[in-house]
Every structure is written in structure tokens, then in C-alpha cells.
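Chains A and B are the protein sequences, given in the same order.
Residue 436 in our numbering sits at position 436 of the first sequence; the count goes up by one each step and never skips.
Residue 949 in our numbering sits at position 366 of the second sequence; the count goes up by one each step and never skips.
Quick reminder that beta carbons are idealized off the backbone N, C-alpha and C, glycines included.
What follows is a short report on a single structure.
2 protein chains.
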Amino acid sequence: LRVGPTFREWAFLIMLGLTMAILSMLTDMAIDELLILERKLYRLCVDNDIIIVPYLVWTLIPVSMIVISAGVARYFAPQAIGSGIPEMKAIIGGVLLKGYLSIKTLIVKMIGICLTIGSGLPYGKEGPFVHISSAVAHQLGKFMMHGDSGVYENESRDPDILAAGCAVGVACTFSSPVGGVLFSIEVTAVYFAVRNYWRGFFGAISSATFLRVLNFFKDSHGSNKGDIMSVESHYPTHFPTKNPFVPVELPIFALMGIILGLAASLFIFLFKHTILFLRRNKLSIILFKDYWFIYPTLVSLIITSITFPQGIGQYMGGDRRFSTFMDELFLNCTWTRNVSGSCDQILDNWHTDDTSKMFVSLGVFQIVFFLLTILAGTMPISAGIFLPVMIMGACFGRMVGEFISILAPYGLIAGRPDIIIYPGIYSVVGAAAFCGAVTRTISVGVIMFELTGQIVHLLPVMIAILIANAVVSLFSLSIYDTIIEVRKLPFIPDIPASSTIYHQITASHIMATPFIIAKDSTIGEVEDILMQLDLKKPIKAFPLVENKESMHLIGSIHTSHLIRLVKNVIGDDARLKEAARRR
Amino acid sequence: LRVGPTFREWAFLIMLGLTMAILSMLTDMAIDELLILERKLYRLCVDNDIIIVPYLVWTLIPVSMIVISAGVARYFAPQAIGSGIPEMKAIIGGVLLKGYLSIKTLIVKMIGICLTIGSGLPYGKEGPFVHISSAVAHQLGKFMMHGDSGVYENESRDPDILAAGCAVGVACTFSSPVGGVLFSIEVTAVYFAVRNYWRGFFGAISSATFLRVLNFFKDSHGSNKGDIMSVESHYPTHFPTKNPFVPVELPIFALMGIILGLAASLFIFLFKHTILFLRRNKLSIILFKDYWFIYPTLVSLIITSITFPQGIGQYMGGDRRFSTFMDELFLNCTWTRNVSGSCDQILDNWHTDDTSKMFVSLGVFQIVFFLLTILAGTMPISAGIFLPVMIMGACFGRMVGEFISILAPYGLIAGRPDIIIYPGIYSVVGAAAFCGAVTRTISVGVIMFELTGQIVHLLPVMIAILIANAVVSLFSLSIYDTIIEVRKLPFIPDIPASSTIYHQITASHIMATPFIIAKDSTIGEVEDILMQLDLKKPIKAFPLVENKESMHLIGSIHTSHLIRLVKNVIGDDARLKEAARRR
Chain A
1 LRVGPTFREW AFLIMLGLTM AILSMLTDMA IDELLILERK LYRLCVDNDI IIVPYLVWTL
61 IPVSMIVISA GVARYFAPQA IGSGIPEMKA IIGGVLLKGY LSIKTLIVKM IGICLTIGSG
121 LPYGKEGPFV HISSAVAHQL GKFMMHGDSG VYENESRDPD ILAAGCAVGV ACTFSSPVGG
181 VLFSIEVTAV YFAVRNYWRG FFGAISSATF LRVLNFFKDS HGSNKGDIMS VESHYPTHFP
241 TKNPFVPVEL PIFALMGIIL GLAASLFIFL FKHTILFLRR NKLSIILFKD YWFIYPTLVS
301 LIITSITFPQ GIGQYMGGDR RFSTFMDELF LNCTWTRNVS GSCDQILDNW HTDDTSKMFV
361 SLGVFQIVFF LLTILAGTMP ISAGIFLPVM IMGACFGRMV GEFISILAPY GLIAGRPDII
421 IYPGIYSVVG AAAFCGAVTR TISVGVIMFE LTGQIVHLLP VMIAILIANA VVSLFSLSIY
481 DTIIEVRKLP FIPDIPASST IYHQITASHI MATPFIIAKD STIGEVEDIL MQLDLKKPIK
541 AFPLVENKES MHLIGSIHTS HLIRLVKNVI GDDARLKEAA RRR
Chain B
584 LRVGPTFREW AFLIMLGLTM AILSMLTDMA IDELLILERK LYRLCVDNDI IIVPYLVWTL
644 IPVSMIVISA GVARYFAPQA IGSGIPEMKA IIGGVLLKGY LSIKTLIVKM IGICLTIGSG
704 LPYGKEGPFV HISSAVAHQL GKFMMHGDSG VYENESRDPD ILAAGCAVGV ACTFSSPVGG
764 VLFSIEVTAV YFAVRNYWRG FFGAISSATF LRVLNFFKDS HGSNKGDIMS VESHYPTHFP
824 TKNPFVPVEL PIFALMGIIL GLAASLFIFL FKHTILFLRR NKLSIILFKD YWFIYPTLVS
884 LIITSITFPQ GIGQYMGGDR RFSTFMDELF LNCTWTRNVS GSCDQILDNW HTDDTSKMFV
944 SLGVFQIVFF LLTILAGTMP ISAGIFLPVM IMGACFGRMV GEFISILAPY GLIAGRPDII
1004 IYPGIYSVVG AAAFCGAVTR TISVGVIMFE LTGQIVHLLP VMIAILIANA VVSLFSLSIY
1064 DTIIEVRKLP FIPDIPASST IYHQITASHI MATPFIIAKD STIGEVEDIL MQLDLKKPIK
1124 AFPLVENKES MHLIGSIHTS HLIRLVKNVI GDDARLKEAA RRR
């Protein structure tokens, strides 16, 4: 019976869960308040005759919030900039990033995400929350885990603690304890010890439990008192458990996987090259260095101008801010056939009174946010990219679903008009596949089950995710690995492209020429080989083998060294020496 | 763009999924037919006046099936005996077990599980299916993956392929592709490369897809033609998504976790010692060696006699066989208050006309099957232990749930009589916690979500699993590691008891005495140390350090060697020599 140290770990994980539950709740409340405030202000002046007034209210509030967020990060903790997942991958991989897990960074990142997400721009809080949670884990760990010995208080020393932190971070964001653990493993770990598995789960479940209890108290004292408990899942769906999809639809989901895989490759490609461009462009270098506030102002002004509800914004979901679109995309109602009247509000928002106009809305939304999310991703503020990607995927899925629903209003099974198409399922599938492809993870599927509170769409979701992942793997790294690459974070890369086939590569596959040097090669043979060399394509080294029969590789020999050796034996000097000896 | 070998792997995984989907379907159909046949025969003669007739029909059919299963395994492939998971863990760990993945073993195991599970005894097919699927993966891999090079056609060479095989095996058993992958990683891997993750998912999703399509064809041509598609989950539940449990209930689930963790420890302890007893007992050694059919006959006769529905069996769910109990334990109906009349059949089976009698039924069932499952687990046949364990846990959960439902018929929230207790949730929680504890896995939770098709019970399930796991980790290994231990399978064990605390162990914690030898110790000091040794507790070796100040360990020195060295310098011979020199 071994107890002692284990209890200390449990206590640590419970404390981590509790802290993150509180932080997560506070962040959500702050973001909600900011978004509500913005909307109220905008609605106050939306009817103003001079269109410039609502325009200024719509744009300037978010712009100032973004600029403040950028300023705080710049002056107090530049480590808080960005998603956080790539850096955590580097740290867990064993690299020490100075000040990255400090309390200062933690506070700056907290303030940062409240402002950036509260601004309503296309940002998410998953990545930042991974960072925040890891910092909390690190700080808590200092007190709770290492107590008396100072040797281990070192930022890169505690991968177990940080791995638990990452898991809790993802779990908090979407209240997805199981998917969170798996996702954090997929994005931060290269190799994984199964015996550490439970830590992430313990922390994640603690935080989920505390969140649930906190919500219980909040709700029973708050406005929705009658409704004792809010539903656990973030975007609950209500698809029927019987025939939500039929096997005939599976190829459509697979095709969606292919398309979204290609789209994800394009997304990552554009993202990478936009960042590289900004790094190399002289103007932007000056801007970033000396006039830090210009770029955030400009970009956020562009984004808010485009989404201005009285301009192009009317085709993009109206006067709501970005992060609020998720629920209605997933909802189980067919927009083109508002049977029960349950989706009136949505139809109003998305101009679905006219079918063709609705498709325009959905299309414009996707294309515009595809580009805006990339642009937004280049800003020097703390912000994540997971949610925007998910919303784009969901939007694509909704479009496909509604389209098929129009084509086949009575479903795809002959003689069974009761088995209809559910466009909501397509939306969930699209969100999962695009997220999975961009982050190159499979566990997004599990997050999706927890997020929707349903598991009926398991098969379509997993098929689309796997295919999208397979497609994107042909073209690019994950978005996080891409960031590691372009930021040149110190990171030991994985052995490339896993395949058992690689075990079968033989030396001849990677040899440039068939020449080898054996220990029993004669000088004549070596000379012959050297004579045959193409001087335009010089070979740096030759493999050296035990003997010509066994061919056991024992090392390599540089061409220059080989030439020198041969010269020593049969070169001019050697000949002169030999001549002198015989004289 | 690197394509080539990847496509070969995809094709392989799809073929694996297809093969396993077909095998899984055939097995299920065979088992169903056998169970139906048995029941029909029994019902034909249940009303016979002479009780011996139904008794013989009830007992002898299963007994003969078990004996045939044991005989087939004994004479054709002893490798097919047992669950299969421990052996797969050994093989994936790098050990070569002869003939374990051969086609002969595969066929024998297929026949074996049809007979053993079809007999209605407390056996499951999860473990065997892991074995079967791995064998299929190995055989398929021979053709599809290694094509031209013979070097790698070696049973222990392809852990990637086998890991995918295991995942597909679990996934097929409960149509739980996601949980299956995770479970197979937990029970077979020690360390895990994240880049191999997708293989398991790809295979599992392929098999799930094919199973779905196969079921579609089967159903649209079979008896339930109207019902185009069977529901995907094995034991679908229908709990409300709103308030299926309240936070006040969470401590109860935690307590269930503790109790089931203790029960699992007891289960594993008894299982281990029963097997060890049978291995050491002289009578049983003779029985197993020379009269192989006696033990299976005896044990299966005992089990079927105890479950005889006109005997004690009437308190254990009546004349159904073991594996059919699962659905009704999970059902969302409160047995003690049969409001809608939906659980009439169950109530009849479990004698719930009288509340106290129902608790007797549930209690007797648990205790009897707790012991019978252990007894059944000692038999030399191919059979798994996962399902029986799950059913016991579900039964315990149902008992607790019904009990609380009686105590608090109007729920636990004052003033909200509409929020009631759902005993079905307790049943799911119990099943998950007991399974998780016995196998020491967390992913059982995910399997449970896929099995029930709902995720509303995530929090209670995960809390109970984690606590049960924590409790069992204090007392014993997992059931699979226990089998590895008692069967003395060659296996490189993991570094024990994971904890970051272990980094802080210093040498003094594991040193038996405070004595050390330094390079600058004088002979006098060494002699003093040797003099102080307690001859009854001899010390084998001393640590050797650089010097008495730095204390850097540079090696160890055997006591005998040390004594010899000291003797060489100041022993009798040395003194005589010195005397001779001076003379």
C-alpha cells in the first residue's frame, strides 16, 4: 500500500481544476459582459440618420480593445502573444522559454483574451487557455509538488505537471473533459507515457465538476433561477437518435472531408506565407518595431468595417459578433424549411426569407472569414484560432446540408419520406473536419460530442475528420507546427512521416551512386572509383564496408580524405620517395 | 507531397476494418442463434413434471459446448486459451510468442468464443476479439504491408500493425470506435507515439462504417424490415438531457467509485489466488494434464446448476442467460415505481413485485456472479472477462440507484419534485467504474458513451471511474497485468507507480546502512566499517564515492571483494610478506 506522494498529486490536480474552473468562469462572464455592452451601445445608435455614428460605434470600440490588448502584451509580457499551444509544445518537448509560465504572463494573458475575444473579432480562447492553465499548473506545482527541494524548481523540469495543465486548459474552454485531454496530448506531445494519462483526466474532471457546481450556485441565485442547472454542453444539439443519417449519406461526408482537408491546407499555406511576408517586408518591420499600435488598429478597423451590419456585414449574420454564431449553425432546424417556426430568429439573421440569398450569406461569410481569420491571426495579441476555424467549418457544413436538403426534401431512402436530411448534422461534421484538419488532430471528434452533448453523429464526424486529416497530411504540417516553424521556436522535430514501410528502406535507396569502398578494396579499385566521379556533382563521402562480400557498413570516408590517402601511396610524392629509396 | 506508402497503409486499415466487421457480425449472429436455441429447448420442457428434465436441458447443453470449446483449444491451438489482452500486451512490448497470431489460432479462437459465449456462461468477447483482430491484422499485414521483403515477416516485428489490430478488436465488440482505440492503447501500450494514433482510429472507423452498412443490408432484408436501420449503440439509453443528475448526487457517485474500487481489488486478489492455487494444487495439476475435460465439465456444471431458473436462478434474472442482462440494467425506468408500465418484463424477471425481494435478487446476483466469474475465469477456454465485470457493476449501480430513488422519491432538490433520481444513470456509472477499476483504464468511460449513445452522464461516469481507479491503484495491478504476472509471460515491466515525487528520492532513502567507501578512505576506516557489520544481515555491496567531501557516487564495491582487498594489504599473508621483506 503506497499512498503518500500520490495524495499530494491528487490534491494538486484538484486545486488546479478548481482554479481553472474559477478563471474560466470569470473569463466567460467578462467576455459576455463586454459583448453585451458593445451590442447595447450599437443598438442605441443604429437608427441614427447619419450612418457614420453607428459605424464608429461598431468599429471603434473593438479597435480600442484590441489596441489595449496589444499594448498590455507589448509592455508587460510579450510572452502572452499568440495562441500558446506551439510554445507549450516546445516547453513540454524540453525547451526552456524564459518567463513563459510566470505570474505576470498569466495575468497579461487573462486580460488579453478578455479584451480580444470580448471585442467580437474572430478569435478563440482555446489556445490561450492552454497557456493560462499551464502557467497556473506551473505556479501551483511550485508550492504543492516540490515543497522542500529547490533543485526541481525549473521551468522545463515538470512535463507531467504541464501536460495536466494543458489538458485542463482545453477541457475548460469547451467543457469537454475527455476530448480536452486527448486534444492536448495530440497537439503537445510527441511520445506519450500511458501511465501519465490519468493526471490529465483527473484535472479535467475536477475542473468540469467545479464548473458545474459553480454554475449551479450562479444560476440558482441569478436571473434564470427557475432553471436550476444550465445544460452541461456548450452548444447542445437535439438530433433524433433514430436515423439522423443513413449510410447513403456517408460518401457525402467523406467528400466534405476531402474538400475541407484541401481548404485547411490552403488556410495553413496562406497563414504561413502572410506571416513570413510580414516578417520580411521592410515597412511592416518598421511598423512592428516602432509604431506597434498602427498594425492592430489597421487590421481591426478592416475587420470591423467589413463586418459592419449596415454594409457587407448584413450578409454575414447581422449585428452579432463572431463568437455567437456557433449555436445557430449547429441547431437542428432546416433553414430552408422553417417547419416548426423554431428558427425564426436565425432566418432573420441570415436573410433566409429568400433561399438563394441565404446561400449567398453563407458563402460570403465563409470566404470573408477565411481571409479575415488569417489576417487576425497575424496580430501581436493573445488569441486563439480554434473557434474561428470551427465556425467556418460549421458554416460550410450548414451550406452543404441545406443544399442537399433542398435537393432531397424527402430524404435519400426511397419509400421512407420520414427519414429526412438533417443539415445540422452536416454543420457538426463540417466544424469537426475543418478543425481536425487545421490542427491535425482526431480528438476534435470527441470534443464535438461533448460540445453538442450528443454522440449520434459519431460515424459521419469521425469519417470526415480522418479523411480531412489524411488529405491535409499530404500537403502541410498542423497550424501549430507551422507556427513553431515560422517563429523558429527551438523544438526537436519528430521523426518524419510515420510508416512501417520506412523499416524497409535499404541503404541503396538513399545512396547517390553505387560506389562503395571496402577494407579489402585494392588501391587500383579505389582509383578507378575516383576517376569515374562526375566533377560537377561531387560526392562528399563514400560508405566504407567490412569486405566486398559481407558488405557490413562500418563507417564512411570523406572523398577528400580518400584522395589524400591514395595520393600518399601512389601520388607524386610517394613515387619520388620510392624512387629515392631505390636509388 | 509524399503519397506512396501511405496509401498502402490506408488500404490495409480499410481491409482490416472490413474483415473484422464481417467476423464480428458472424460471431454475433452465431452467438445469438445458440442462445435462442438453448432457450427454446429449455422452454419446451420447462413445464415437465419431473424437474430433472428441464435441469438436464438447462445444464448439459452449455456444459457440452464448454467442453467442446476446451477440447478444440487443447488439441488444435492452446494459444487461443484466455482473454488475449495480456498476451497482446507482451507481444506489442516486443516479446515473441510462438504461433500466437497464426491462422490456426485465429480459427480456433473464433469457434471458441462462439461456443463459450453462446453457452450463456459469464464470459465476454472483448479480450478474444482483440486477439482475433490482431491475428487478422498480422496475417493481412503479411500480404499487404511487407510485400516483397521477407526480413520483416516476424511475429514481433510489427507493433504498429498489431496496435491497429487491437484497436479494431475493441471497437468491434461494443461498436465503440473512439473508446476502443483509447482502451486498446491503455491496456496494451506502455509508451505511445502520438503519430501512430490515427492508425487505430482509421481501422476502427472503417470497421464501424462497414458494420453499419452490413447491418443496413441485413435489416432491410431481414425480419425487422420496416425499421430501416438498427440503432448504432449496443445498449441505447434515453435519459433526459436536462437534469439527469444534480450536483448533490455527485458525492454518491464518488462513494460508488470508492466501493467499486475496493470490490475490484478484492476481485483481482481472489482471481489471482484462485489461479495460483490451481497451479500449485497437486490434484488440479493432474486434472489439467491428463483429464482435461473434467475441470471444464465440473465448473460449467456448477455454474449452470446455480443459475438453474427453478433453483437459486429465480433470484438472478430468471431463465435468461448471462449476457442478455445488460440492456435492462441500463434502461431508464425506475423499477420500484413502474410508472409508465414500460418495465413490466424486467419487473417480472427480477421479481420486483415486492421491493425487498427485488433487492434480494440484485444482491444475490452480484455476490453469486462475483464468485462465478472468478471461477469461470480459471477455465482453459477462449473467453473474456470485460462483459461479466461490466454487468456486475451495472447491477450494483442499479441497486444503489433504486435504493436512493426509494429514499427520495421526489428527488434531492427541495421544491423541485420534477427533478427525480434516475437509477439507470447509477447503473451506467456502476458498470463504468467497476470495469475501469478491474482493467485499470479510464477510457471505459468513452466506451460507455458509445455503448449507451448518450453523453449526458459524462460527469458522474468519469468521477466514479477516476476514483475507482485511484482506489484500486493502491492495492493491485490491473487484471491483465495480474494475468501477465501469474502466467509468467515474458514482459518488460513499466517503471512502477508513476509520480513526479519519485524524482526526489535520494540515495539515502534506499541505503540499508550509512556506510560508504570513499577513494580517500584510509584502510583503518574501511576496517572499522567491516568490523561493525552485522553478520546476520550481511551487506552485499558498498557504495563507492569519489571522496568524502563531494560524495559523488562512482560505483559500488562488493563486500567480499573489499574484504579480500583489505586482507591483501593488512591480512596474515601481507604481514608475513612484509616480515620476510624486512628480514
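By the criterion of Cβ-Cβ separation under 7 Å, what are the contact partners of residue i in chain A?
i	result
B:Trp875	Correct list: empty, because the minimum Cβ distance to chain A is about 37 Å.
Taking Cβ-Cβ distances shorter than 8 Å, what residues in chain B pair up with residue i?
i	result
A:Glu450	Ile1038, Leu1041
Grouping DSSP H, G and I as helix and E and B as strand, with all else coil, what is residue i?
i	result
B:Leu745	helix
B:Gly994	coil
A:Glu155	Confidence at A:Glu155 is low in this model, with a pLDDT of 40, below 50, so its placement is unreliable and no value can be given for it.
B:Pro1126	strand
B:Ser685	coil
B:Ala772	coil
A:Leu1	Because A:Leu1 sits at a pLDDT of 35, beneath the cut-off of 50, its placement in the model cannot be relied upon, and the following sentence gives the value as read from the coordinates. It is coil, neither helix nor strand.
B:Ala1053	helix
A:Leu584	Coverage of chain A is limited to positions 1 through 583, which leaves residue 584 of chain A absent and any answer about it impossible.
B:Leu1136	strand
A:Ser382	strand
B:Gly707	strand
B:Ile1153	helix
A:Ile421	coil
A:Ile303	helix
B:Ile987	helix
B:Ile1099	coil
B:Ile605	helix
Any heavy atom of the ligand FMN closer than 7 Å to the beta-carbon of residue i?
i	result
B:Phe969	Only the bare structure without any ligand can be found here, which leaves the ligand FMN out of the picture.
Which chain B residues are close to residue i, counting only those with a beta carbon under 7 Å from its beta carbon?
i	result
A:Ile442	Tyr780, Trp781, Phe784
List the residues of chain B whose Cβ lies closer than 9 Å to the Cβ of residue i, in chain order.
i	result
A:Pro236	Thr824
Which bits of chain A does residue i rub up against, with CB to CB less than 8 Å?
i	result
B:Phe775	Tyr191, Phe192, Ala193, Val194
B:Gly554	No information on residue 554 of chain B is available, as it lies outside the stretch 584 to 1166 that chain B covers here.
key: Interface positions of the region 458-484 of chain A facing chain B (Cβ-Cβ less than 9 Å), listed along the chain   = Those residues of the region 458-484 of chain A that come within reach of chain B (Cβ to Cβ, closer than 9 Å) are Leu458, Leu459, Met462, Ile463, Ile465, Leu466, Asn469, Ala470, Ser473, Leu474, Phe475.
inquiry  = Can you confirm whether the region 570-578 of chain A touches the region 591-603 of chain B when touching is taken to mean that 3 or more C-beta pairs between the two stretches lie within less than 8 Å?
reply    = Two segments are said to touch when three or more pairs of C-beta atoms, one from each, lie closer than 8 Å; by this definition the region 591-603 of chain B does not touch the region 570-578 of chain A.
task = Entirely within the region 631-678 of chain B and at least 4 residues each: give me those alpha helix (DSSP H) ranges in chain order.
result = At a cut-off of 4 residues, the continuous stretches assigned as alpha helix (DSSP H) that sit fully inside the region 631-678 of chain B are 635-659, 668-675.
request  = Scan the region 829-851 of chain B for residues whose Cβ lies nearer than 8 Å to a Cβ of chain A and list them as they occur along the chain.
outcome  = Listed by position, the residues of the region 829-851 of chain B near chain A (Cβ gap below 8 Å) are Val829, Pro830, Leu833.
query = Which parts of the region 1006-1042 of chain B are runs of the alpha helix (DSSP H), unbroken and 4 residues or longer, counting only runs that do not cross its ends?
reply = Within the region 1006-1042 of chain B, the complete alpha helix (DSSP H) segments at least 4 residues long are 1006-1022, 1027-1035, listed from N- to C-terminus.
ask   = With a cut-off of 8 Å, do at least 3 Cβ pairs link the region 977-989 of chain B to the region 1003-1014 of chain B?
value = Short answer: they touch.
Complete runs of the beta strand (DSSP E) confined to the region 818-850 of chain B [at least 3 residues] = Counting only runs of 3 or more, we get nothing.
key: Interfacial residues, the region 754-769 of chain B to chain A, with Cβ spacing under 8 Å   = Taking 8 Å as the upper bound on Cβ-Cβ separation, chain A lies near residues Pro760, Val761, Leu765, Ile768, Glu769 of the region 754-769 of chain B.
task = With 7 Å as the C-beta to C-beta threshold (strictly closer), list the residues of the region 1104-1135 of chain B near chain A in chain order.
result = Answer in chain order: no residues at all.
inquiry  = With three or more C-beta pairs closer than 8 Å as the rule, is the region 970-978 of chain B touching the region 1008-1016 of chain B?
reply    = Taking a cut-off of 8 Å for Cβ pairs, the region 1008-1016 of chain B and the region 970-978 of chain B touch, as three or more such pairs fall below it.
request  = Using a Cβ-Cβ cut-off of less than 7 Å, give me the residues of the region 783-805 of chain B that come near chain A, in sequence order.
outcome  = Listed by position, the residues of the region 783-805 of chain B near chain A (Cβ gap below 7 Å) are Phe784, Phe785, Ile788, Ala791, Thr792, Arg795, Val796, Phe799.
query = On the three-pair Cβ rule with 8 Å, is the region 661-677 of chain B touching the region 1061-1074 of chain B?
reply = Cβ pair count under 8 Å is three or more, so yes.
ask   = What residues from the region 591-616 of chain B come within 8 Å of chain A, judged by C-beta to C-beta, listed N to C?
value = Cβ proximity to chain A below 8 Å picks out Arg591, Glu592, Trp593 from the region 591-616 of chain B.
query = Are the region 602-611 of chain B and the region 647-660 of chain B touching by the rule of at least three beta carbon pairs closer than 8 Å?
reply = Contact fails: fewer than three Cβ-Cβ distances are below 8 Å.
ask   = Given 8 Å as the limit, is there contact between the region 1035-1051 of chain B and the region 184-192 of chain A, that is, 3 or more CB pairs closer than that?
value = Flag = no, the region 1035-1051 of chain B and the region 184-192 of chain A do not touch.
ask   = Are there three or more Cβ pairs, one per stretch, closer than 8 Å when the region 700-713 of chain B is compared with the region 881-888 of chain B?
value = They touch, by the three-pair rule.
ask   = Are three or more beta carbon pairs between the region 858-877 of chain B and the region 252-269 of chain A nearer than 8 Å?
value = No, they do not touch.
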